[in-house]
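FYI, my numbering numbers position 166 of the sequence shown as 1449, with every residue one higher than the one before it.
Backbone N, C-alpha and C define an ideal beta-carbon position, used for all residues, glycine too.
Because the structure is a prediction, the values reported are computed rather than measured.
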Amino acid sequence: MKKIALLCCLIAAGTAHADEVQVAVAANFAAPMKAIAARFEQETGHKVLSTVGATGKFYAQIKNGAPFEILLAADDDTPARLEKEGAGVAGSRFTYAIGKLVLWSAQPGLVDDKGDILKKPSYDHLAIANPKLAPYGAAAVEAMKKLNVYGAIEPKLVVGESIAQAQQFVASGAAPLGFVAMSQVFEGGTLKSGSAWVVPAGLYSPIRQDAIALDKGRNKPAVAAFLAWLKSDAAKVIIRSYGYAL
């Protein structure tokens, strides 16, 4: 009985400091975040409460008092801006991943390995994320302009609120193809379905994705623990497996 009582005390001590972390997650990072959160919770006992959405919308919500304690953005501008404005904790910002843009179709064989489909009039719609809210949408516009196809494609654009919605447009068939994040359609370096062209990095500005502790998470041990875990080798393995660079 004494051993059982001691064990119960040890378990109680180990979970007494467990806490919740409110994380705003850029839509492109939803899948790796799910895996990262599961490992983090298993190893620390802390609970991760994730909200997935567009980085631009998160900025507005944070400025309006949303309860987020960490932002995993799809760019580096938004966290830097929050830090400068005092809504982010100074010195906590770092790049956790560098994203890759992909032209994707749910239809096998539709997208060729050079992206030449963009120059053909054989499709009615192309999905992108809102370039004013989502960095992947801005990268898509930049790539199309460098390829000198934006003028012809612009009337065909179907614009999603986030990169998740853009991917849904393509997956549902509302658009035959669209620009999405590599992490949405690749896993372990393999395309999960359909056909895709990984857009060369030289066609768009690097998508540096920064994390930052927010003011509502200031001095909270669970927040510091999550950001530290995000820098760990275990987290990096997960992040790379979804096609991100580091």
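For Leu1460, the secondary structure class from DSSP, reduced to helix, strand or coil, is strand. When Ile1436, Gln1344, Gly1392, Ser1388 are compared, the shortest CA-CA separation from Val1468 is found for Ser1388. When secondary structure is reduced to three states using DSSP, Lys1429 falls in the helix class. If you look at Gln1450, you'll find it in the alpha helix (DSSP H) that goes 1446-1455.
The distance from the Cβ of Ala1307 to that of Phe1341 is about 5 Å, consistent with a contact at the 8 Å cut-off. Taken through DSSP and simplified to helix, strand or coil, Asp1493 comes out as strand. The straight-line gap separating the alpha-carbon atoms of Lys1397 and Trp1480 is approximately 6 Å. A straight line joining the alpha-carbon of Arg1376 with that of Leu1416 spans about 20 Å.
As summarised for the stretch 1341-1383, the continuous beta strand (DSSP E) elements at least 3 residues long and confined to that stretch are 1353-1355, 1377-1382, given in chain order. Residue burial annotation: Asn1413 is buried, with at least 16 other C-beta atoms found within 10 angstroms of its C-beta. One thing to note: Val1482 has its Cβ within 8 Å of the Cβ of Leu1384. Among the bridge pairs identified by DSSP, Ser1466 is matched with none. Counting only residues of its own chain and dropping the five nearest sequence neighbours on each side, Ala1457 has no CB closer than 6 Å to any other CB. Glu1366 counts as buried, since at least 16 other C-beta atoms from the protein chains shown sit within 10 angstroms of its C-beta. Ala1449 places its beta carbon less than 8 Å from that of Ala1410.
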